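Asker:
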Amino acid sequence: MKKKLIIYFNRIRERLWFRPFLFCLFSVAGALIAQQADGIGLDDLVPNVDEESIGSLLDIISASMLVISIFAVGSMLSAFSSASNTATPRSFKIVVTDDVSQNALSIFIGAFIYSIVATIALDNGYYEKAGRFILFLFTIILFAVVILTFLRWVDRISRLGRLEHTIIQLEKVTSKALTDYVNNPFKKAHPVKGDFNDGQAVRATSVGYVQYINLETLQNLAEEKDLDIRLNCLPGKVVHKNSPIAFFRTNQELDNDQINKRINKAIIIGKTRRFDEDPRFGIISLTEIASRALSPGINDPGTAIQIIGSHERLFFLWQKEDEQHNETAIIYDRLEVPDIAMEDFFNDAFRPIARDGSNNIEVMLRLQMAFKSLATINNEDLKKYAIQHSEEAYKRAEKAIQFSNDLDTLRKSCLF
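For the sequence shown, this note's numbering begins at 25 and goes up steadily by one.
Laid out in structure tokens, this is it:
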């Protein structure tokens, strides 16, 4: 249930209206709650604040916040467009959830709503002496928060949507998803092993990408109906209506259609991929940035080299897991979950860069350096595919680089 709430929260964070809506509610509540100070004996303890001084502050806030809010929205849209055009359209989901920008927009809109509500209440005699003083304090605090937020937001908007900032954000999100996977590749269930005899196939009910699998729901179903369930998909896999997304078996006489519906309900399929449950998607998005940078129209090998460094850091997450030697307890003992092949991770990360940068000696040298460093990790699969991709990258370079001295230099840096 907790994981499901996190997924829903991440989805709603991508909606620009959510935080401004919450701040608007808080603003209205704050403006009206100030009146509660009247009638509790504070009149003799607080100074008398003139209505005109409060009204002047509220007028300043109301006159400026709407303009700043419109300016903020325009700046954010420009940043979103820049991220899509200079990096990859897939990065939009990362940029739009930027906390600093969303909080700034929310505070600006909330301050505007607060000033309007407070002005109306003040002009109609809603507040007495203590209420006016509390309203004055709220207004001063809000004024200070707006100024500090604006200064912080100006610094962030100068970087939001810029290529380097987008790469950093993408790497951060990918690192989180990949860390979760490396620490728990089978999601606290059994790994897929051997044949699944007499298993009934469960086929997808829609076409799209698997976004989330509710293992807790599947475990409860398996215990309730005495099932063994083997998943045939992971978040990120593309499926269609004839795709077997899972198999189940039982010794009981059951309504298979009902079981199919309940398993399908636990496997969320959408039109796009998501970063939080799909580590390959983040790696693919980073690689897309490198491929775009290596296109003839842009010719930016420096960005491709930066992406190779990002991939290198991500793959070293496997070394941390090997050093920890964590034994994961099996919680979902009636489920079998497949893992992601190391070959897929390498193909997602390095094959497009080797293809598109095969004629650039600097990119190919950096790629071979990455393969050498990854081969030092105490993981046999990593070593195997590092050597394989080192050889494949060199063969691509052989066909693209004409200068023999460059090829000799590259050959010396290879793993094979």
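The C-beta atom is built at its ideal place from N, Cα and C for all residues, glycine as well.
Keep in mind the model is a prediction, meaning the values are calculated, not measured.
1) From Y151 to F174, what distance separates their C-alpha atoms?
2) According to DSSP, what are the bridge partners of D252?
3) Following the continuous beta strand (DSSP E) through Q59, name the residue where it begins and the one where it ends.
4) Just to confirm the assignment, what range does the alpha helix (DSSP H) spanning D123 have?
5) Measure the C-alpha to C-alpha separation of A417 and Y236 and round it to an integer number of angstroms.
6) Within the stretch 356 to 423, note down every full alpha helix (DSSP H) run reaching 4 residues or more, in order along the chain.
7) Starting from the C-beta of R114, find all residues in its chain whose C-beta is less than 6 Å away, skip the five residues before and the five after it, and write them out in chain order.
8) I want to know whether the stretch 217 to 236 touches the stretch 266 to 277 - three or more CB-CB distances under 8 Å.
9) Would the stretch 169 to 187 and the stretch 331 to 340 be scored as touching if the rule is three or more Cβ pairs under 8 Å?
10) Less than 6 Å between C-beta atoms, sequence neighbours within five positions excluded: which residues of the same chain meet that for L256?
11) Assuming contact is defined by CB atoms lying nearer than 8 Å, are S315 and D368 in contact in what I supplied?
12) Return the chain-ordered list of same chain residues with a C-beta closer than 7 Å to the C-beta of F42, the five sequence neighbours on each side being excluded.
13) In chain order, what residues of the same chain have a beta carbon less than 6 Å from the beta carbon of L90, not counting five sequence neighbours either side?
14) For the candidate residues N383, V387, L406, M388, whose alpha-carbon lies nearest to that of K423?
15) Check this for me: beta carbons of E404 and F440, under 8 Å apart or not?
16) Quick one: measure Cβ to Cβ for I385 and I425, integer angstroms, because I've assumed they're closer than 8 Å.
17) Along the chain, where does the alpha helix (DSSP H) that runs through H214 open and close?
18) Mapping DSSP to helix, strand and coil, what is V73?
19) Less than 8 Å between the beta carbons of V119 and F104, yes or no?
20) Nearest CA to the CA of Y356: which residue from S182, C48, A213, Q59?
21) Please tell me whether V216 and V263 are closer than 8 Å, where the distance is taken between their beta carbons.
22) Just reading off the beta strand (DSSP E) that V226 is part of, what are its end residues?
23) Closest to Q60 by C-alpha separation, out of G155, T198, A225, would be which residue?
24) In three-state DSSP terms, what is P320?
25) Could you tell me which of R227, D324, F374, R254 sits nearest to L239, measuring between CA atoms?
26) Looking at the secondary structure, which residues open and close the alpha helix (DSSP H) in which Y205 lies?
27) Would you please state the rounded distance, in angstroms, between the beta carbons of I287 and L242? I believe it to be under 8 Å.
28) How about the stretch 322 to 336 and the stretch 189 to 208: do they share at least three Cβ pairs that are nearer than 8 Å?
29) Where A225 and P362 are concerned, what is the direct C-alpha to C-alpha distance, given to the nearest angstrom?
30) Alpha carbon to alpha carbon, what distance is there between I64 and F160?
31) Can the beta-carbon of P325 be found less than 8 Å from the beta-carbon of V231?
32) With DSSP as the reference, please indicate the residues paired to V234 in a beta bridge.
33) Please check the pair I158 and A58, which I expect to be a contact at CB under 8 Å, by giving their CB distance rounded to whole angstroms.
Answerer: So, from the data block:
1) Taking the first residue of the sequence shown as 1, we reach residue 151 at position 127. Taking the first residue of the sequence shown as 1, we reach residue 174 at position 150. One C-alpha to the other measures close to 30 Å.
2) Sequence index remark: in the sequence shown, residue 252 carries index 228 (1-based). DSSP lists R273 as partners of D252.
3) Translated into positions along the sequence shown, residue 59 becomes position 35. Per DSSP, Q59 belongs to no beta strand (DSSP E) and is neither H nor E.
4) In the sequence shown, residue 123 corresponds to position 99, counting from 1. Per DSSP, D123 belongs to the alpha helix (DSSP H) from 123 to 147.
5) Taking the first residue of the sequence shown as 1, we reach residue 417 at position 393. Taking the first residue of the sequence shown as 1, we reach residue 236 at position 212. Each residue's Cα considered, the two are about 34 Å apart.
6) 366 to 380, 385 to 398
7) Locating residue 114 in the sequence shown gives position 90, where the first residue counts as 1. So the qualifying residues of the chain are S309.
8) yes
9) no
10) Residue numbering aside, residue 256 sits at position 232 when the sequence shown is read from its first letter. For the record, residue 256 in the displayed sequence is Asn; it is not Leu. Hits under 6 Å: P268, I269, A270.
11) As a first step, residue 315 must be located in the sequence shown, where it is residue number 291. As a first step, residue 368 must be located in the sequence shown, where it is residue number 344. Contact flag unset, no.
12) In the sequence shown, the residue the question calls residue 42 occupies position 18. Excluding positions up to five away in sequence, the list reads I36.
13) Counting from 1 along the sequence shown, the entry for residue 90 is found at position 66. For L90, where only same-chain residues beyond five positions count, the Cβ hits under 6 Å are F136.
14) Along the sequence shown, read from residue 1 onward, the residue named residue 423 stands at position 399. That would be N383, whose Cα lies nearest to the Cα of K423.
15) As a first step, residue 404 must be located in the sequence shown, where it is residue number 380. As a first step, residue 440 must be located in the sequence shown, where it is residue number 416. Cβ atoms of E404 and F440: not closer than 8 Å.
16) In the sequence shown, residue 385 corresponds to position 361, counting from 1. In the sequence shown, residue 425 corresponds to position 401, counting from 1. Between I425 and I385 the Cβ distance is about 6 Å, and since that is below 8 Å, they are a contact.
17) For this step, residue 214 is matched to residue 190 along the sequence shown. Unbroken run through H214 is the beta strand (DSSP E), 213 to 215; no alpha helix (DSSP H).
18) Reading the sequence shown from its first residue, position 49 is the one you call residue 73. The answer is coil: DSSP assigns V73 none of H, G, I, E or B.
19) The count along the sequence shown starts at 1 and reaches residue 119 at position 95. The count along the sequence shown starts at 1 and reaches residue 104 at position 80. Contact flag set, yes.
20) The residue you call residue 356 lines up with position 332 of the sequence shown. Comparing Cα-Cα distances from Y356 to each of S182, C48, A213, Q59, the minimum goes to A213.
21) Here residue 216 refers to the residue found at position 192 of the sequence shown. Here residue 263 refers to the residue found at position 239 of the sequence shown. The answer is no: Cβ separation not under 8 Å.
22) Counting from one through the sequence shown, the residue named residue 226 turns up at place 202. Looking at the DSSP string, the run of the beta strand (DSSP E) that includes V226 is 224 to 227.
23) Start at 1 with the first residue of the sequence shown, and residue 60 comes out as number 36. Nearest of G155, T198, A225 to Q60, Cα basis: G155.
24) Position 296 of the sequence shown holds residue 320. In this structure, P320 counts as coil in the three-state DSSP scheme.
25) Sequence index remark: in the sequence shown, residue 239 carries index 215 (1-based). Minimum Cα distance to L239 is reached at R254.
26) Within the sequence shown, numbered from 1, the residue matching residue 205 stands at position 181. Here the alpha helix (DSSP H) through Y205 covers 187 to 207.
27) Residue mapping note: residue 287 aligns to position 263 of the sequence shown, counting from 1. Residue mapping note: residue 242 aligns to position 218 of the sequence shown, counting from 1. About 7 Å separates the two Cβ atoms, so the contact holds.
28) yes
29) By one-based count along the sequence shown, residue 225 stands at place 201. By one-based count along the sequence shown, residue 362 stands at place 338. Going from the Cα of A225 to the Cα of P362 covers about 16 Å.
30) Working through the sequence shown from its first residue, we reach residue 160 at position 136. Working through the sequence shown from its first residue, we reach residue 64 at position 40. The straight-line gap from Cα to Cα measures roughly 18 Å.
31) Residue numbering aside, residue 325 sits at position 301 when the sequence shown is read from its first letter. Residue numbering aside, residue 231 sits at position 207 when the sequence shown is read from its first letter. Not in contact: P325 and V231 (Cβ atoms no closer than 8 Å).
32) For this step, residue 234 is matched to residue 210 along the sequence shown. Note: V234 sits in a beta bridge opposite I293.
33) Here residue 158 corresponds to residue number 134 of the sequence shown, with the count starting at 1. Here residue 58 corresponds to residue number 34 of the sequence shown, with the count starting at 1. The pair is a contact, with the Cβ atoms about 4 Å apart (cut-off 8 Å).
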